[in-house]
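Undergrad:
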Amino acid sequence: TILLPLVSELVVQGTERARIVLRQAQKYAFWVSVIFVLACIPLAPWLVLFIGGVRYVGTTPVLQWALIHLVAMTFAETQRPVFYAIGEERWMLLIYAVGIMAYAPLLWAGIRWAGALGAAQAMVGYGVLLATIRLVVLRRLSPDLWVSPLQVFAVDAVDRELLRRVRLRLRHIISARESDVP
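Counting with our numbering, you get residues 81 to 262 for the letters of the sequence shown.
#1: Assuming Q231 is part of the alpha helix (DSSP H), what are its boundary residues?
#2: Closer than 7 Å by C-beta to V162: which residues in its own chain qualify, once you throw out the five before and the five after it? Chain order, please.
#3: Round the Cβ separation of L197 and P141 to the nearest angstrom and send it over; I've been treating them as touching at under 8 Å.
#4: Kindly indicate which residue of A109, Q144, R214 has the alpha-carbon position closest to the one of E169.
#5: Thinking just about the alpha-carbon of each residue, which of R135, C120, H149 is nearest to the one in A202?
#6: Mind checking whether T158 and A105 have CB atoms under 8 Å apart?
#7: Output the distance between the C-alpha atoms of L209 and A189, rounded to the nearest integer angstrom.
#8: I'd like the list of long-range same chain contacts for G179, defined as Cβ closer than 8 Å, with 5 residues on each side in sequence excluded.
#9: Expressed to the nearest angstrom, what Euclidean distance is found between the alpha-carbon atoms of E258 and V246?
#10: DSSP three-state call for D224: helix, strand or coil?
#11: Just to confirm my understanding: we take C120, look at its own chain, exclude 5 residues before and 5 after, and list those with CB closer than 6 Å. What are they?
#12: Go ahead and label M181 buried or exposed: buried means 16 or more other beta carbons lie within 10 angstroms of its beta carbon, across all protein chains shown.
#13: Suppose only complete runs of 4+ residues qualify. What are the alpha helix (DSSP H) ranges in the segment 154 to 230, listed by chain order?
#14: Would you kindly report the start and end of the unbroken alpha helix (DSSP H) that includes G132?
#15: Got a sec? Which residues, its chain only, sit under 7 Å from L129 by beta carbon, not counting five neighbours each side?
#16: Rank I175, A199, R249 by C-alpha distance to the C-alpha of I191 and give the top, closest one.
#17: How would you call V151, buried or exposed, if buried means at least 16 neighbouring beta carbons within 10 angstroms?
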């Protein structure tokens with residue numbers, strides 16, 4: 081949501097700054113969601129037990145698949161601002177319509193095949209499909225704003241600067257605590 085007006089404003093100034101913002105947003109959203117999912121998957125049985133009780137422990141795999149859906153959706157959601165910035169909201173609507181038309185049979189087949197677990201797996205498939213379609217469409221509509229999904233693995237100058245600032249801040253916090261210790 082924060083990126084929607086920011087990307088539109090940056091596109092007016094030039095596409096390179098907008099690409100940097102989009103690349104970093106996609107990268108950080110991806111890694112935060114991966115860390116969150118990896119932390120929550122082992123905790124899923126406890127979460128289900130805490131929320132639903134013993135009767136619902138069997139739904140743990142459904143929750144785990146739903147968590148995996150978050151990773152797929154990080155790509156789809158970080159692409160939305162580009163459609164708004166280039167004034168192609170109609171493409172977003174069309175992609176959602178195509179996605180829903182694909183999701184319905186995926187959901188039907190998933191439920192018939194594996195019940196609630198199949199529904200959660202269909203959700204993951206829908207997220208991957210939505211992100212993939214958006215990537216393909218954006219690459220054709222706006223190649224100058226298109227950000228490769230593989231860039232989530234690249235460490236660039238912006239990442240190094242962020243890491244430097246985090247290290248300096250941590251050193252400052254640690255040194256302040258050490259000076260407070262009698």
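A virtual CB, placed ideally from N, CA and C, is assigned to each residue, including glycine.
TA: On the basis of the supplied data:
#1: Per DSSP, Q231 belongs to no alpha helix (DSSP H) and is neither H nor E.
#2: Correct list, in chain order: V87, L102, L218, S222, L225.
#3: 5 Å
#4: R214
#5: H149
#6: The Cβ atoms of T158 and A105 lie closer than 8 Å to each other.
#7: Each residue's Cα considered, the two are about 16 Å apart.
#8: Y206, L209, L210, I213
#9: 18 Å
#10: It is coil, neither helix nor strand.
#11: L147
#12: exposed
#13: List check, alpha helix (DSSP H) in window: 169 to 221.
#14: 95 to 132
#15: For L129, where only same-chain residues beyond five positions count, the Cβ hits under 7 Å are V137.
#16: A199
#17: Counting the other Cβ atoms within 10 Å of the Cβ of V151 gives 16 or more, which makes it buried.
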